[in-house]
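Report on the structure given below.
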RNA sequence: GCGGACGUGGCGGAACCGGCAGACGCGGCGGACUUAGGAUCCGCUGGGGUGACCCGUGGGGGUUCGACUCCCCCCGUCCGCACCA
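Residue numbers (my numbering): 97 to 936.
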């Protein structure tokens, strides 16, 4: 009876698939049972899956949905494979938008932030992510930022936090300074895209440059990171090896060091060029006709450094000369706009024959060009040179070094300079120290006070947190809002007890996010930033997933923090993220979704209309996770259709398999009919594909495709004209299907698991093993090529030997037609794959 | 300029280590069921020719019995960095 019903398929009325009811029900149950709560258990291997926590901007967008869906699948898959999984979330809650809302709409930043969090938390919960919600945190909570301040003081104590006056990036839109990493594109603010200006200010910095070398070297210890991100970090750190060479100003006796990567070209120096901001520039030009020009250049640079890349090289002579330490030659000193004060020493030796920039400058101002590296096709006379030769060669016009290969010459010249005490080997980095002061309110207060008597004083640990005061004046006027709150900044000196004032700038929010992954290990710890035991168990993050936009911001800063904590002995690893995955964008009409472009699709609307499982399935299936994903409503409907197809399959078979034990591998295998064998093969093949695709890469799109094929095979079995269904095999295959789908569509699979007579939760089941025997076939069809073109297919026993395959191929009439009149020179047999007959 | 990624049907995308190009899905066409279908199930769907043939993975060369895959040159798209000495 049950069998007949099952076989008659669609004539059986099955309950309709109701995603809203199903999803609400299981979300409630999961929460009530606490099945995603993570508890340290040293007897089990751990797995820390983490998505880059969201900024509570108001509502979730598709990027969030994609990001967290990927993390959720990784977490669920790991859980089923027996790992003790930590998958937390929280809120990167400090930041400018909260403050802008305060300015524009008079809302309290805290109120704005926490009401956004409430909305977005609800959205995340409706998506059914397997978070351990008991670990939720917000960086704007005093219990969190207390420890951010503690970490700042740790940096301070280690000499890694310092205050200095420097030329800094000033965003006129946000009315605050920015770190170099936050100046993006064409010199724009990463947040509001205003053109960044330069100002001189006294600000707090973190000495990330002290870790430049380790940050660079350890990239090689991160095989689980995308090459792209590592390259970006390498370029950002920008290590170059070379030499520092000390020239001397002939007229004043001043020391004038330069950095060069080409000490082998030292004999080719025909002029010296210094940055307009170089301390010597104004001094040397004073009293010359160029005094005013130099001053103007310095001013011009202060405004828009980023435009220089396109600007023409401009320079003026100072009238002074520099003496080359290698040969005693005096060359003119120029001031040039192409020299960056912040890199190297702010002075460059001009070698026009072997540096294209110097070449252009020399040609423009009629400076001599002297060839000192000879190579094929390079004229020895500088006047005939059409472009600088920057490659290696043999040294010429270089006194005692003539004839030496240039690579060797680099070492030889440095040795000679060292011997004479006028130079040494040197390494330069492009990386600058991290400017962390922000003239904003909604951030973590910097725990420093200034005492007239004792100077700069760290706030003692026991006085933390320095609380952000409510109710301050926000109108941006280039000054920190906290500077308008005397009740905040008036304090007493922790050392002498005398009157003192607090620092009124707040910290860059990237500090908050540089350690949150550690806090998640023990989020309620109230005596330390984190419990070392918990950190030892959970860290490092096994799989970190987020957007590429953090390649050199958050990801570099977090690595830096981790290394400092390692040096302090607080953590045992130096690298926070073992494996990193950067997902692609979600686009509509080929462009990233954005409010200003008006092409956003709201995840919430998709969930209300189709359900979270459908939204997830579409996102996972429509594109490989690292590529951009074009949103498609038709595609979403396809995903829904697939879920319904599986739903009907399970529902219509449920009566048949009720109370039946599943078929077990190895059990009377020979007795199964061909239809059952075909069904098992399809299902186990899919299971194998899902297992491999999810384990080795995040190839969820192909994993899901494989499951779709299995479902198609299931329908072929169900709708075949004759034969009663084999209940045990059907149960086995249905269970595998449901288990393998569980990480992708967690709610509906829970209901299916129940329909199959099981107790929840499907997510606490072990991942099934595929049966290698089920994959075996008796006969297979192999294509036969003649001279590289497929001419026929032959059917062979699966275990056919080479000779058998060869005979079968040559016996084929269609192959014979193609080899007629020719000599068969070779037959290549690729077992199980193809046979290639060669006549040429 | 330097560095990285990519280029496959009408569309999103498959293809292990060099071995049947186009899995799976969307869209389209046809059939079944049906009062009806925008539901469901099944079939077809790269182009030309319409019998078994030819062409086809951005373009051109090469290696190979065999190339989306490897090598060389070129074109195009996207991203990052950019007078960094």
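We treat Cβ as the ideally placed atom computed from N, Cα and C, and that holds for glycine.
These numbers come from a predicted model, not from an experiment.
Residues bridged to residue i [DSSP beta-bridge criterion]
i: residue 602; result: 534 and 541
i: residue 285; result: 279
i: residue 182; result: 144
i: residue 791; result: Note: residue 791 sits in no beta bridge, so no partner.
i: residue 337; result: 523
i: residue 258; result: 301
i: residue 931; result: 880 and 925
i: residue 643; result: 679
i: residue 490; result: 470 and 501
i: residue 419; result: 344 and 426
i: residue 673; result: 637
i: residue 296; result: 263
i: residue 861; result: Looking at the DSSP assignment, residue 861 forms no beta bridge with any residue, so it has no partner.
Integer Cβ distance of residue i from residue j, believed to fall under 8 angstroms
i: residue 282; j: residue 226; result: Contact doesn't hold; Cβ gap of about 42 angstroms is too wide.
i: residue 806; j: residue 779; result: 5 angstroms
i: residue 127; j: residue 856; result: Rounded, the Cβ-Cβ distance is 13 angstroms, inconsistent with contact.
i: residue 236; j: residue 193; result: No, residue 236 and residue 193 are not in contact; Cβ-Cβ is about 12 angstroms, not under 8 angstroms.
i: residue 277; j: residue 649; result: 5 angstroms
Classification of residue i by the beta-carbon crowding that lies within 10 angstroms, buried from 16 upward
i: residue 417; result: buried
i: residue 659; result: buried
i: residue 195; result: buried
i: residue 331; result: exposed
i: residue 924; result: exposed
i: residue 351; result: exposed
i: residue 830; result: buried
i: residue 859; result: buried
i: residue 448; result: buried
i: residue 692; result: exposed
i: residue 862; result: exposed
i: residue 267; result: buried
i: residue 323; result: exposed
i: residue 847; result: buried
i: residue 922; result: exposed
i: residue 811; result: exposed
i: residue 117; result: exposed
i: residue 411; result: buried
i: residue 592; result: exposed
i: residue 822; result: buried
i: residue 523; result: exposed
Inter-residue spacing [alpha-carbon to alpha-carbon] between residue i and residue j
i: residue 518; j: residue 142; result: 56 angstroms
i: residue 563; j: residue 541; result: 7 angstroms
i: residue 357; j: residue 502; result: 12 angstroms
i: residue 853; j: residue 161; result: 32 angstroms
i: residue 285; j: residue 481; result: 42 angstroms
i: residue 675; j: residue 166; result: 14 angstroms
i: residue 643; j: residue 678; result: 5 angstroms
i: residue 607; j: residue 199; result: 24 angstroms
i: residue 355; j: residue 270; result: 36 angstroms
i: residue 241; j: residue 561; result: 7 angstroms
i: residue 834; j: residue 896; result: 36 angstroms
i: residue 721; j: residue 788; result: 16 angstroms
Three-state secondary structure assigned by DSSP to residue i
i: residue 402; result: Bear in mind that a pLDDT of 43 at residue 402, under 50, signals an unreliable position, so the number given afterwards is only what the model happens to contain. In the structure shown, residue 402 sits in a helix (DSSP, three-state: H, G or I).
i: residue 131; result: coil
i: residue 510; result: helix
i: residue 739; result: helix
i: residue 841; result: coil
i: residue 469; result: strand
i: residue 591; result: coil
i: residue 912; result: helix
i: residue 238; result: helix
i: residue 426; result: strand
i: residue 219; result: helix
i: residue 829; result: helix
i: residue 414; result: strand
i: residue 893; result: strand
i: residue 757; result: coil
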